[in-house]
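There are 2 protein chains.
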Amino acid sequence: MAKDKKLVEQITSMDVDFAQWYTDVVKKAELMGYSSIKGFMIFKPAGYALWENIKAELDKRFKETGVENVYMPMVIPESLLQKEKDHVEGFAPEVAWVTHGGLNELQERLCIRPTSETLFCDFYKDEVQSYRDLPKVYNQWCSVVRWEKETRPFLRSREFLWQEGHTAHATFEEAEERTQQMLNLYADFCEDFLAIPVVRGKKTDKEKFAGAEATYTIEALMHDGKALQSGTSHNFGDGFAKAYEIQYTDKDNKLKHVFQTSWGMTTRLIGALIMVHGDNSGLVLPPKVAPTQVCIVPIMQKKEGVLEKANEVKEMLSNFRVKVDDSDKSPGWKFSEQEMRGIPLRIEMGPRDIEANQAIIVRRDTSEKITVSIDELQTKVGELLDTMQKEMLERARKHRDAHTYVAKNYDEFKEIVATKPGFVKAMWCGDQACEDKIKEETTATARCMPFTQEHISDTCVCCGKKATKMVYWGKAY
Amino acid sequence: MAKDKKLVEQITSMDVDFAQWYTDVVKKAELMGYSSIKGFMIFKPAGYALWENIKAELDKRFKETGVENVYMPMVIPESLLQKEKDHVEGFAPEVAWVTHGGLNELQERLCIRPTSETLFCDFYKDEVQSYRDLPKVYNQWCSVVRWEKETRPFLRSREFLWQEGHTAHATFEEAEERTQQMLNLYADFCEDFLAIPVVRGKKTDKEKFAGAEATYTIEALMHDGKALQSGTSHNFGDGFAKAYEIQYTDKDNKLKHVFQTSWGMTTRLIGALIMVHGDNSGLVLPPKVAPTQVCIVPIMQKKEGVLEKANEVKEMLSNFRVKVDDSDKSPGWKFSEQEMRGIPLRIEMGPRDIEANQAIIVRRDTSEKITVSIDELQTKVGELLDTMQKEMLERARKHRDAHTYVAKNYDEFKEIVATKPGFVKAMWCGDQACEDKIKEETTATARCMPFTQEHISDTCVCCGKKATKMVYWGKAY
Chain A
1 MAKDKKLVEQ
11 ITSMDVDFAQ
21 WYTDVVKKAE
31 LMGYSSIKGF
41 MIFKPAGYAL
51 WENIKAELDK
61 RFKETGVENV
71 YMPMVIPESL
81 LQKEKDHVEG
91 FAPEVAWVTH
101 GGLNELQERL
111 CIRPTSETLF
121 CDFYKDEVQS
131 YRDLPKVYNQ
141 WCSVVRWEKE
151 TRPFLRSREF
161 LWQEGHTAHA
171 TFEEAEERTQ
181 QMLNLYADFC
191 EDFLAIPVVR
201 GKKTDKEKFA
211 GAEATYTIEA
221 LMHDGKALQS
231 GTSHNFGDGF
241 AKAYEIQYTD
251 KDNKLKHVFQ
261 TSWGMTTRLI
271 GALIMVHGDN
281 SGLVLPPKVA
291 PTQVCIVPIM
301 QKKEGVLEKA
311 NEVKEMLSNF
321 RVKVDDSDKS
331 PGWKFSEQEM
341 RGIPLRIEMG
351 PRDIEANQAI
361 IVRRDTSEKI
371 TVSIDELQTK
381 VGELLDTMQK
391 EMLERARKHR
401 DAHTYVAKNY
411 DEFKEIVATK
421 PGFVKAMWCG
431 DQACEDKIKE
441 ETTATARCMP
451 FTQEHISDTC
461 VCCGKKATKM
471 VYWGKAY
Chain B
478 MAKDKKLVEQ
488 ITSMDVDFAQ
498 WYTDVVKKAE
508 LMGYSSIKGF
518 MIFKPAGYAL
528 WENIKAELDK
538 RFKETGVENV
548 YMPMVIPESL
558 LQKEKDHVEG
568 FAPEVAWVTH
578 GGLNELQERL
588 CIRPTSETLF
598 CDFYKDEVQS
608 YRDLPKVYNQ
618 WCSVVRWEKE
628 TRPFLRSREF
638 LWQEGHTAHA
648 TFEEAEERTQ
658 QMLNLYADFC
668 EDFLAIPVVR
678 GKKTDKEKFA
688 GAEATYTIEA
698 LMHDGKALQS
708 GTSHNFGDGF
718 AKAYEIQYTD
728 KDNKLKHVFQ
738 TSWGMTTRLI
748 GALIMVHGDN
758 SGLVLPPKVA
768 PTQVCIVPIM
778 QKKEGVLEKA
788 NEVKEMLSNF
798 RVKVDDSDKS
808 PGWKFSEQEM
818 RGIPLRIEMG
828 PRDIEANQAI
838 IVRRDTSEKI
848 TVSIDELQTK
858 VGELLDTMQK
868 EMLERARKHR
878 DAHTYVAKNY
888 DEFKEIVATK
898 PGFVKAMWCG
908 DQACEDKIKE
918 ETTATARCMP
928 FTQEHISDTC
938 VCCGKKATKM
948 VYWGKAY
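Here you go:
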């Protein structure tokens, strides 16, 4: 509960200290709390409501493409984790181990799932026998644990919420198609629903998922110019199928290995929402994901008829998510609170407005004030929410484009990375040595090789040898 | 994937071996699979879809009463678990312990949550400072782990899915009101949505939740006459608040402890659905919870126009959850599969029906066949689903009432428990010694002291002393 009138003054300006601004907003918008267990967070109602909306929309989009939801055990036996070599190397160092059940020590220790490829493989091994059993397009919504050393709310914590899709197919082509389909679904979701523009592309081998043949990613640019990997989709080829012996009898009566994919999005999307759209007054939520879209603030609410009218207007706007703030706080305090929580529209209405049959709508993103006849409120609110959703995406896109640079040689590259926060587009030879060198010398990493390639020059920005790919580079969360 | 034509023949008759029938249905209706981790289950799509529907409806009802969702860490430090004496005694013997994070041993071991009272208390301790911060009416949807020795799909497993509500209030009365409100919400949900009649009542001290002052329960009777505790709601008084030091400053400026409740429902409700409504052809799902409500089976589907018409009818029925089974299996096989999966209505339509502009609807619960003009299908399907929902509840209620007996003395009691599966209503003195004796000698336990009391006799059925309560007794899952 907020207890101080100077709500906005309690958050650091984003231009002064972006990291502190972020932490302040997370706290003051009451999205998350720190638990007394190191590295584990508490999703408070305002934070969890965002995840519920993200989840409902993503789940609907998944199901439209034939995805079915399942639920797998939260623990994995050590021997099962170890069957795929790259995978275990990637995850074993950062899992939590269960060694005792009840009063007894376990014969084999179990890790809490850091991701569930191994469990799905173990399941598919028995479940898939014939080509008739394919494809399997399963997904689960759950929490996972990774024993991170440094943690930040939503961005990196020892436990986070996510969805993980795991599919099995008869052919490599079908698996590849599903991998790209889900990546494009993620990208469309980010742009349409969260108003976050993303770059779609492929990860370099160095950056790909442990055990994958190819990892595709969407990369978003935060307000401070840092990149955030916002969703990934992996094509495993038949690597896991061979390690876990997942075979089916094909139409030609031959035994074949399946081809698999996995793809996931997490609660770090909430971090992206904050860092792409937020401002010095707090959170700014795109209307589609906002748990509350309109906050009605009655002015002089003790005067006869004011609260009644406010509630009448709420009823009138029943096709939107509306609340009336009828608490005993001052209007100014209520304004700050609505702004901090990022509620897209505020409707102010006092005795004089009501007498004139009008109300004032204030947009959270632009602070624009619009006086509207109460008869036209419903239409106007709908229009403003639509406009705001579109303009927030455009604004974020402009910001991203204005912070995307081109480097033709290594001096330019280093100069940009050192002085201009954002993406750097530059050519690369394909050699990991250059990637390692760039990371070591600049801390920038290869975010992705975008699907939409551009020809910037003929040579690798680092070594000067023949370039094979244009890469987006950046410092990342 | 089903691979055999004799689907129904593969399940044991419920009259021959109810336990085996249950296991067969769980398997053949593809609700759940066994994982390779002992005691941990896999929710397959058909099983998880039931939970999704249960969850969506319960969540909507929760929110109508002001509940807000949050998410707490999945682990609890040992020292935190130990603060409330009764609670730790109740749960410590059956938790899973995490002792290592990454490559290091933890300084303090953590248990995977068996329930989250301790975490909510730890959270409320900081979150609740003033009477303005009350009430807190929070809930979370998550999975919990209890290291059970014997496990059965949905009824008892080492991990299960549930919701746990945890509230904090200024007064005992308000906490008591919330405890009963949620129990009644559970009861109404079971009856309206799952068509499962329940007895509402209070648990005896012996059977109440570890750390609670009072536990309320809803008890349902399965087809085999065994009882299933289907939802519980606990009033903690200020016991946890004192152990965890949750205090607030009241309007009178005095520091006071809060009063708390918790309440939960789990995936064992799916077990109840199976065991209350199922028959020898498999699952029978009440229309409201059924993921698919209508299965259209085209007859002679290769004939021109048949599949087209089936899909047209599906479109016509778009306000219901409908699928067309256009697989290459035989109609007979499709019928068995629809029956096994418990889909409420089947619509059969072949070339002759289509020519006559009609279709045949078959009810899953009664096998009744109704020939209906295609023009009237939409109305008729709606009516039949409503009727089926109501009649399934009535049928279950009749079965329960027919298996609820009255015992006036201990000989009668023992005779009934030994020979007639069901509930036994009998008077009790209130002494735990009698409860212990009854359990030891008959294996029946006190299911609840129903809110609606009846006067059966003046004396305790066991010891003959003055009776204080009428109790429902029964053998339980």
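Same order as they appear, the protein sequences are chains A and B.
399 is the number that the working numbering gives to position 399 of the first sequence; each next residue is one higher, with no gaps.
Counting from 1 along the second sequence, just add 477 to a position and that's the residue number in the working numbering.
We treat Cβ as the ideally placed atom computed from N, Cα and C, and that holds for glycine.
### Message
Please tell me whether D122 (chain A) has its Cβ less than 8 Å away from any Cβ of chain B.
### Response
Taking the first residue of the first sequence as position 1, residue 122 (chain A) is located at position 122. Taking CB atoms only, D122 (chain A) has a neighbour in chain B less than 8 Å away.
### Buried or exposed by the 16-neighbour rule on C-beta atoms within 10 Å, applied to I11 (chain A)
Against the first sequence, residue 11 (chain A) aligns to sequence position 11. I11 (chain A) comes out buried.
#### Entry: Beta-carbon gap between V289 (chain A) and F193 (chain A) smaller than 8 Å
Within the first sequence, residue 289 (chain A) is the residue found at index 289, counting from 1. Within the first sequence, residue 193 (chain A) is the residue found at index 193, counting from 1. Contact: yes.
### Query
From what residue to what residue does the alpha helix (DSSP H) around Q617 (chain B) run?
Locating residue 617 (chain B) in the second sequence gives position 140, where the first residue counts as 1. Unbroken run through Q617 (chain B) is the beta strand (DSSP E), 613 to 622; no alpha helix (DSSP H).
### Cα-Cα separation between T592 (chain B) and G714 (chain B), rounded to whole angstroms
Numbered from 1 along the second sequence, position 115 holds the residue referred to as residue 592 (chain B). Numbered from 1 along the second sequence, position 237 holds the residue referred to as residue 714 (chain B). When the Cα atoms are used, T592 (chain B) and G714 (chain B) turn out to be separated by approximately 18 Å.
### Message
Quick check on DSSP: helix, strand or coil for S607 (chain B)?
### Response
Stepping through the second sequence from its first residue, residue 607 (chain B) is reached at position 130. Correct three-state label for S607 (chain B): strand.
### E529 (chain B): contacting residues in chain A (beta-carbon distance under 8 Å)
As a position in the second sequence, residue 529 (chain B) is number 52, starting the count at 1. Under a criterion of Cβ atoms nearer than 8 Å, the residues of chain A adjacent to E529 (chain B) are, in order, N69.
### Message
Under 8 Å, Cβ to Cβ, is there at least one residue of chain B near L161 (chain A)?
### Response
Along the first sequence, one-based indexing puts residue 161 (chain A) at 161. By this cut-off, L161 (chain A) is an interface position.
### Task
Indicate the three-state DSSP secondary structure (helix, strand or coil) for E84 (chain A) in the structure shown.
For the purposes of this step, residue 84 (chain A) is taken as the residue at position 84 of the first sequence. Correct three-state label for E84 (chain A): coil.
### Task
Using a Cβ-Cβ cut-off of 8 Å, state whether V575 (chain B) counts as contacting chain A.
Start at 1 with the first residue of the second sequence, and residue 575 (chain B) comes out as number 98. It does; some Cβ of chain A falls within 8 Å.
### Query
DSSP three-state call for I76 (chain A): helix, strand or coil?
To locate residue 76 (chain A), count along the first sequence from 1; it is residue 76. I76 (chain A) sits in a strand when the DSSP states are folded into three classes.
### Query
Do the region 625 to 640 of chain B and the region 737 to 749 of chain B touch if we need at least three Cβ pairs shorter than 8 Å?
The region 625 to 640 of chain B, when compared against the region 737 to 749 of chain B, does touch it at the 8 Å Cβ threshold.
### Task
Name, please, each residue of chain A whose Cβ falls closer than 9 Å to the Cβ of L660 (chain B).
For the purposes of this step, residue 660 (chain B) is identified with residue 183 of the second sequence, where counting begins at 1. Close to L660 (chain B), with beta-carbon spacing below 9 Å, lies no residue of chain A; the smallest spacing is near 23 Å.
### Message
Any C-beta of chain B within less than 7 Å: which residues of the region 249 to 280 of chain A qualify?
### Response
Of all residues in the region 249 to 280 of chain A, none places a beta-carbon less than 7 Å from a beta-carbon of chain B.
### K44 (chain A), buried or exposed, once every other Cβ within 10 Å from all chains shown has been counted against 16
Position 44 of the first sequence, counted from the first residue, corresponds to residue 44 (chain A). A buried status is given to K44 (chain A), since no fewer than 16 other beta-carbon atoms sit within 10 Å of its beta-carbon.
### Task
Report buried or exposed for A879 (chain B), applying the criterion of at least 16 other Cβ atoms within 10 angstroms of its Cβ.
Along the second sequence, read from residue 1 onward, the residue named residue 879 (chain B) stands at position 402. Classification of A879 (chain B): exposed, given that the 10 Å Cβ count is below 16.
### Query
From the beta carbon of Y525 (chain B), is the nearest beta carbon of chain A less than 8 Å away?
Your numbering for residue 525 (chain B) matches position 48 in the second sequence. It does; some Cβ of chain A falls within 8 Å.
#### Entry: Touching by the beta-carbon criterion (3+ pairs, under 8 Å), the region 352 to 363 of chain A and the region 257 to 266 of chain A
Short answer: they don't touch.
### Message
Would you call the region 384 to 391 of chain A in contact with the region 337 to 350 of chain A, where contact means no fewer than 3 C-beta pairs closer than 8 Å?
### Response
Cβ pair count under 8 Å is three or more, so yes.
### Message
Output needed for T459 (chain A): all residues of its chain with C-beta closer than 6 Å, excluding positions within five of it in sequence on either side, in chain order.
### Response
Looking up residue 459 (chain A) in the first sequence gives position 459. Closer than 6 Å at Cβ, skipping near neighbours: A467.
#### Entry: C-beta neighbour in chain A for W624 (chain B), strict 8 Å
As a first step, residue 624 (chain B) must be located in the second sequence, where it is residue number 147. Answer yes: the Cβ-Cβ gap between W624 (chain B) and chain A drops below 8 Å somewhere.
#### Entry: F900 (chain B) (DSSP reduced to helix, strand or coil)
The residue labelled residue 900 (chain B) in the question sits at position 423 within the second sequence. In the structure shown, F900 (chain B) sits in a strand (DSSP, three-state: E or B).
### Task
Go ahead and pull the three-state DSSP assignment for N69 (chain A).
One-based indexing of the first sequence puts residue 69 (chain A) at position 69. When secondary structure is reduced to three states using DSSP, N69 (chain A) falls in the strand class.
#### Entry: Complete runs of the beta strand (DSSP E) confined to the region 324 to 396 of chain A [at least 3 residues]
The qualifying runs are 345 to 349, 358 to 363, 369 to 373.
### Query
Which residues in the same chain as V614 (chain B) place their Cβ atom closer than 8 Å to its Cβ, once the five residues preceding and following it in sequence are excluded?
Here the question's residue 614 (chain B) lines up with position 137 in the second sequence. Cβ neighbours of V614 (chain B) within its own chain (closer than 8 Å, five residues either side excluded): T542, G543, V544, E545, G642, T644, R655.
### Option nearest A689 (chain B) by Cα separation, candidates B:K703, B:T595, B:K779, B:D729
As a first step, residue 689 (chain B) is located in the second sequence; it is residue number 212 there, counting from the start. Among B:K703, B:T595, B:K779, B:D729, the Cα nearest to that of A689 (chain B) belongs to B:T595.
### Message
Taking 8 Å as the threshold (C-beta atoms), are A718 (chain B) and L705 (chain B) in contact?
### Response
As a first step, residue 705 (chain B) must be located in the second sequence, where it is residue number 228. As a first step, residue 718 (chain B) must be located in the second sequence, where it is residue number 241. Judged by beta-carbon spacing, A718 (chain B) lies beyond the 8 Å limit of L705 (chain B), meaning their Cβ atoms are not closer than that value.
### Query
Closer than 8 Å, CB to CB, is L580 (chain B) near chain A or not?
Along the second sequence, one-based indexing puts residue 580 (chain B) at 103. Judged by the 8 Å Cβ criterion, L580 (chain B) is in contact with chain A.
### Message
Would I847 (chain B) and K786 (chain B) be called neighbours here (beta carbons separated by less than 8 Å)?
### Response
In the second sequence, the residue the question calls residue 847 (chain B) occupies position 370. In the second sequence, the residue the question calls residue 786 (chain B) occupies position 309. Contact flag unset, no.
### Message
So with CB distances below 9 Å, who are the chain A contacts of M551 (chain B)?
### Response
For the purposes of this step, residue 551 (chain B) is taken as residue 74 along the second sequence, with counting starting at 1. Contact annotation for M551 (chain B) against chain A: F40, M74, I112, S143, V145, E159 [CB-CB distance below 9 Å, chain order].
### Task
Leaving out five residues on either side along the sequence, give the residues of the same chain with a beta carbon under 6 Å from the beta carbon of Y954 (chain B).
Residue 954 (chain B) sits at position 477 when you count from the first residue of the second sequence. Excluding the 5 residues flanking it on each side, Y954 (chain B) has same chain C-beta neighbours closer than 6 Å at L632, K703, L705, in chain order.
### Query
Any beta-carbon of chain A closer than 8 Å to the one on G543 (chain B)?
Within the second sequence, residue 543 (chain B) is the residue found at index 66, counting from 1. Interface with chain A (8 Å Cβ-Cβ cutoff): G543 (chain B) is excluded.
### Query
Quick one: is E816 (chain B) buried, meaning 16 or more other Cβ sit within 10 Å of its Cβ, or exposed?
Residue mapping note: residue 816 (chain B) aligns to position 339 of the second sequence, counting from 1. Per the 10 Å Cβ criterion, buried.
### Message
Buried or exposed, going by whether 16 or more other CB atoms sit within 10 Å of the CB of P93 (chain A)?
### Response
The residue labelled residue 93 (chain A) in the question sits at position 93 within the first sequence. Counting the other Cβ atoms within 10 Å of the Cβ of P93 (chain A) gives fewer than 16, which makes it exposed.
### Message
Could you check whether the Cβ of F900 (chain B) sits closer than 8 Å to any Cβ belonging to chain A?
### Response
As a working note, residue 900 (chain B) is residue 423 in the second sequence. F900 (chain B) does not count as touching chain A.
### Query
If you count every other CB in all the chains shown that lies within 10 Å of the CB of K5 (chain A), and 16 or more means buried, which is it?
Here residue 5 (chain A) is taken as the residue at index 5 of the first sequence, counted from 1. Residue placement at K5 (chain A) is poorly supported in this model, since its pLDDT is 47, which falls under 50; the coordinates still yield a value, given next. Per the 10 Å Cβ criterion, exposed.
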